[in-house]
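Number of protein chains: 2
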Amino acid sequence: MLANVNHPTRLVPIAFMAAIAIGTALLMLPLSHEGPGYAPFLTALFTATSAVCVTGLIVVDTPVYWSTFGQVVILVLFQIGGFGIMAAATLLGLLAGRGFRLKDRLRTQVERSFFEMVDARSVLRLILLVTVTVEATLALALTLRLHFSYGQDWAVAAWHGLFHAVSAFNNAGFSTYSDSLIGFQNDWLFLMPIMLAIVFSSLGFPVIHELQTRATTDHGRPWTLHTKITLLGTAIFLVVGFVTVLAVEWNNPDTLGPMGLGGKLLNSAFQSVTTRTTGFNALDIGAFNDETLAVTYLLMFVGGGSAGTAGGIKITTFFVLAIVVWSEARGEREAALFGRRISTSIERQALSVVLLSLALISLGTMVILSVTEYPLVDVLFETISAFATVGLSTGITGQLPPVAELVLIVLMLIGRVGTITIATALALGRGRSALHYPEERPIVG
Amino acid sequence: MLANVNHPTRLVPIAFMAAIAIGTALLMLPLSHEGPGYAPFLTALFTATSAVCVTGLIVVDTPVYWSTFGQVVILVLFQIGGFGIMAAATLLGLLAGRGFRLKDRLRTQVERSFFEMVDARSVLRLILLVTVTVEATLALALTLRLHFSYGQDWAVAAWHGLFHAVSAFNNAGFSTYSDSLIGFQNDWLFLMPIMLAIVFSSLGFPVIHELQTRATTDHGRPWTLHTKITLLGTAIFLVVGFVTVLAVEWNNPDTLGPMGLGGKLLNSAFQSVTTRTTGFNALDIGAFNDETLAVTYLLMFVGGGSAGTAGGIKITTFFVLAIVVWSEARGEREAALFGRRISTSIERQALSVVLLSLALISLGTMVILSVTEYPLVDVLFETISAFATVGLSTGITGQLPPVAELVLIVLMLIGRVGTITIATALALGRGRSALHYPEERPIVG
Ligand SMILES: [K+]
Ligand SMILES: [K+]
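Written out as structure tokens, the structure is:
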């Protein structure tokens, strides 16, 4: 299917697989394992894949199973993975013009793509700058809180602070606590900085770049459609997640039930923020009502902004298709938003990403269903979480048989590098077939 | 959303609702109820909706709960419903040209739509002719079999034969037997004629019309893309269903397990044919493995051919989107099959039908999950079956609370008249918005 993929796009999956291989080897060292013995191959492979793909699904308890060295390896892996995917997505986008063609340019009145406005070096510099700034600020905030309010030694506080800061910014979702952030579920000052970092980083680099450009220079330039959709879509999904958790879990004795109003609001907000791609949890996912899980499917599947550390099909993909459907339902001849028409080839890319993702998740779910006895509701949660590199789980990951673990590994890898590789391949491969067949209109619906 | 729906498209839902209202009233008569008393409102409403929408979901056991008069009412309702939907879809298609516009016509080299080649009277005549011919032939075959092999009186045999013939041709799925066709699971001579009638009728009227035209006159005309996709797609889905049931259920002690090779082959074939839209069952659906149920979801969701008695999103809708994805993945600039390009507006219609259907099924599933304790796997089966007017069930329909029954009623109605109404409304409303916005290309994936 992708026989005509050009070399640069092949590089990304190869680089990711190399990082996973090295990570697996490091995690198999006795040094990485807490106590005697060492991690078996599949456990190390799963953990390395989950880290490099910034997923955060775990088959063993991070702080209990892995030594401090092992945890540092995991930290480095998700930092490399997060930076790698952000840089790769952006650079590949630059290289391919992501669908930009001269012909299109001439044909349409206005066509602006982020990737036409930046050069490679300035991109890498800005990614690095943003990463270091946000992570350092967040690490500082968390460290201060852990030292002064939880009485941790400076060294311990700094380690936990740094780990969660890097994990948050890269949307990795790994934690040095066995119960993720449940222990902080009533701590505004710990959760709020994390939420801010997550929302910011999950916008994706093109949006961050545009925000930065407007803040420093060039105030008068109109917003790109990409940024407008991403910002508006993020706001919509944050509200949907917040309202769902708040309304459905309000009385659930195992989640929001025992909390006061402040705790209910804080935890609904945090869950909404983290569900879309990061995968921390301050509530017990396994105790959620089915309706919350169902909305969570959607939030995880959609994910965050393009060309960032967020997973899923991406917010713009979802809204491009939603706009098409909306325009169709209104009988309009073209799909448009904010006075801009959406390119037909972008519509097709969005459609392809969604349908291929659905097919892959369905296939993975089928395989896991057939080798386990877990109910569909949990298995589907696991496969969407893996594919969209979220890392939340209803709690079954650690009990899955090897075949199911392999399925999740494949889903994590394809979910992470697949969409970006395919999208770029599409853009690069485009335009070769210039045949024009006569049109026909089969009856649909 | 559909405020701009033209009058003719409003007529279809109104006619269906009127038929359901009359059916409900008739079924509430004490005469319709077997034994003393009469059916409560919700039971009558559910049954009438299921019959008029040719769904076949039942909350009470047809032969036990309803008198012969009641069963005749049901028979008449699904005959009216089946004929009505076939005629309405075809006539509305004629009226709206289903997306046909002069501009398009001038722009493209070849554009052929079924709806441009026929006139209303000849359509109604042919629908009637095909209906009577197929139903009479099938009724005769079944009656003979029931009389000579099962020793039924001529009158009894004729009644059962007629009921199942009309039910099969209209893809209604109602049966005069409590266990549907499980009692005939080893009877080739009973199941084969039913299978043939189902496959034929579920092609949809435009395809049947084209087959008839080619058989009688006009042998040289090239096949329309619609017919090619429908025939090829039908074959593909029949094979997928057959292979899945055969492979997954081979050893299941409650389904194919105890059967010989002949029985296994016959019942896999029958299940594959009936699952796509009719809803008879000769096996116990509740005993199926989860993998079979998962494939069944897809088969039910896709359904049969457009503008016929089949339900679902329709085969062409599925394949139009599949072709778009396939073309994208190969880096081609346009989606084409059999040397014909697929119209962009048709792609958008197909996308809209699928996404709106998914949204509706998800919503219905959520509501039912929240008012019952049934597992997702069963509830999802029920909602897809209702929306795609299939009528299969894992066995929970009769135990659902009133709210869940209402959800299924709404799903059946929208699933039956919704897609056709929306598709026509789209086609009629099209072309008003002539604004051309500048194009923009948000990054997706
Ligand atoms: K994650
Ligand atoms: K049916």
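Chains as they are written, first to last, in the numbering used here: chain A, 1 to 445; chain B, 1001 to 1445.
C-beta: ideal position from N, C-alpha, C; glycine also.
On the DSSP bridge assignment, give the partners of residue i in chain order.
i, result
"R1340 of chain B", "B:L1337"
"H1033 of chain B", "B:W1066"
Taking C-alpha atoms, which residue in the options lies nearest to residue i?
i, options, result
"S1362 of chain B", "B:L1351, B:I1346 and B:I1384", "B:I1384"
"G56 of chain A", "A:L413, A:L211 and A:H33", "A:L413"
"A1019 of chain B", "B:F1041, B:C1053 and B:R1010", "B:C1053"
"G1311 of chain B", "B:S1357, B:L1380, B:A1388 and B:D1061", "B:A1388"
"T1047 of chain B", "B:A1088, B:T1062, B:E1034 and B:G1035", "B:T1062"
"T1131 of chain B", "B:V1166, B:S1122 and B:G1331", "B:V1166"
"I420 of chain A", "A:D378, A:L380 and A:V354", "A:V354"
"T176 of chain A", "A:H160, A:N170 and A:F169", "A:H160"
"A1139 of chain B", "B:Y1150, B:E1334, B:A1158 and B:G1398", "B:A1158"
"L142 of chain A", "A:M195, A:L126, A:P36 and A:P222", "A:M195"
"F174 of chain A", "A:P258, A:T277 and A:F200", "A:T277"
"T1133 of chain B", "B:Q1071, B:R1145 and B:F1200", "B:F1200"
"F1078 of chain B", "B:N1170, B:T1068 and B:V1324", "B:N1170"
"L1356 of chain B", "A:A247, A:A359, A:Q349 and A:I323", "A:I323"
Just the C-alpha distance for residue i and residue j, rounded to the nearest angstrom, thanks.
i, j, result
"G99 of chain A", "Q1271 of chain B", "Caution is warranted here: a pLDDT of 35 is assigned to G99 of chain A, below 50, making its placement in the model unreliable, and the coordinate value is therefore given only provisionally. Near 45 Å, if we compare the C-alpha coordinates of Q1271 of chain B and G99 of chain A."
"N252 of chain A", "A197 of chain A", "29 Å"
"F1237 of chain B", "H226 of chain A", "38 Å"
"K264 of chain A", "N186 of chain A", "9 Å"
"L1124 of chain B", "T394 of chain A", "55 Å"
"S1192 of chain B", "A1136 of chain B", "A small fix is needed here, since residue 1192 of chain B is Met in this sequence, not Ser. Between M1192 of chain B and A1136 of chain B, the C-alpha separation is close to 16 Å."
"L283 of chain A", "F190 of chain A", "15 Å"
"Q1212 of chain B", "D1153 of chain B", "36 Å"
"Y65 of chain A", "P40 of chain A", "12 Å"
"A1088 of chain B", "D1179 of chain B", "32 Å"
"A1235 of chain B", "I1342 of chain B", "21 Å"
"V110 of chain A", "I346 of chain A", "Residue confidence for V110 of chain A is low, a pLDDT of 37 falling below 50, so the modelled location carries little weight and cannot support an answer."
"N289 of chain A", "E382 of chain A", "16 Å"
"P402 of chain A", "V410 of chain A", "12 Å"
"L106 of chain A", "T292 of chain A", "In this prediction, L106 of chain A scores a pLDDT of 34, lower than 50, which makes its location untrustworthy; the coordinate-derived value is nonetheless stated afterwards. Going from the Cα of L106 of chain A to the Cα of T292 of chain A covers about 48 Å."
"L1027 of chain B", "A1172 of chain B", "17 Å"
"A307 of chain A", "T296 of chain A", "22 Å"
"V1076 of chain B", "A1051 of chain B", "9 Å"
"G331 of chain A", "G1084 of chain B", "25 Å"
"N80 of chain A", "A386 of chain A", "In the sequence as displayed, the identity of residue 80 of chain A is Ile instead of Asn. Rounded to whole angstroms, I80 of chain A to A386 of chain A spans 19 Å at the Cα level."
"V1407 of chain B", "A359 of chain A", "27 Å"
Apply the 10 Å Cβ neighbour rule to residue i and answer buried if 16 or more other Cβ atoms are within range, or exposed otherwise.
i, result
"L952 of chain B", "As displayed, chain B neither begins before 1001 nor continues past 1445, which places residue 952 of chain B out of reach and without an answer."
"V1012 of chain B", "buried"
"G364 of chain A", "buried"
"I1368 of chain B", "buried"
"G1204 of chain B", "buried"
"L128 of chain A", "exposed"
"S1327 of chain B", "buried"
"I443 of chain A", "buried"
"I14 of chain A", "exposed"
"V1302 of chain B", "buried"
"D1254 of chain B", "exposed"
"T1397 of chain B", "buried"
"V1273 of chain B", "buried"
"G260 of chain A", "exposed"
"V239 of chain A", "exposed"
"T1373 of chain B", "The question names Thr, yet the displayed sequence has Glu at residue 1373 of chain B. Classification for E1373 of chain B: exposed."
Name the chain A residues whose beta carbon is nearer than 9 Å to that of residue i?
i, result
"G1093 of chain B", "I443"
"A1307 of chain B", "I443"
"V1239 of chain B", "Residues of chain A passing the Cβ test: none, with the nearest at roughly 18 Å."
Could you work out which residues of chain B lie near residue i, taking near to mean beta carbons separated by less than 7 Å?
i, result
"T344 of chain A", "T1344"
"V325 of chain A", "L1351, S1352, L1355 and L1356"
"P222 of chain A", "What P222 of chain A touches in chain B: nothing, since even the nearest Cβ is about 10 Å away."
Taking C-beta pairs closer than 8 Å, name the residues in chain A that residue i reaches, listed in chain order.
i, result
"M1449 of chain B", "Any answer about residue 1449 of chain B is impossible in this case: the structure gives chain B only from 1001 up to 1445."
"A1215 of chain B", "Within chain A, no residue comes near A1215 of chain B; the closest Cβ sits about 21 Å away, beyond 8 Å."
Give the interface partners of residue i over in chain B, defined as CB-CB distance under 9 Å, in chain order.
i, result
"P206 of chain A", "I1443"
"M300 of chain A", "Chain B residues near M300 of chain A: none, gap ~14 Å exceeds 9 Å."
"L256 of chain A", "Result: empty, since nearest Cβ-Cβ is about 16 Å, beyond 9 Å."
Residues of chain A with CB under 7 Å from residue i, in chain order?
i, result
"E1328 of chain B", "R348, Q349, S352 and L426"
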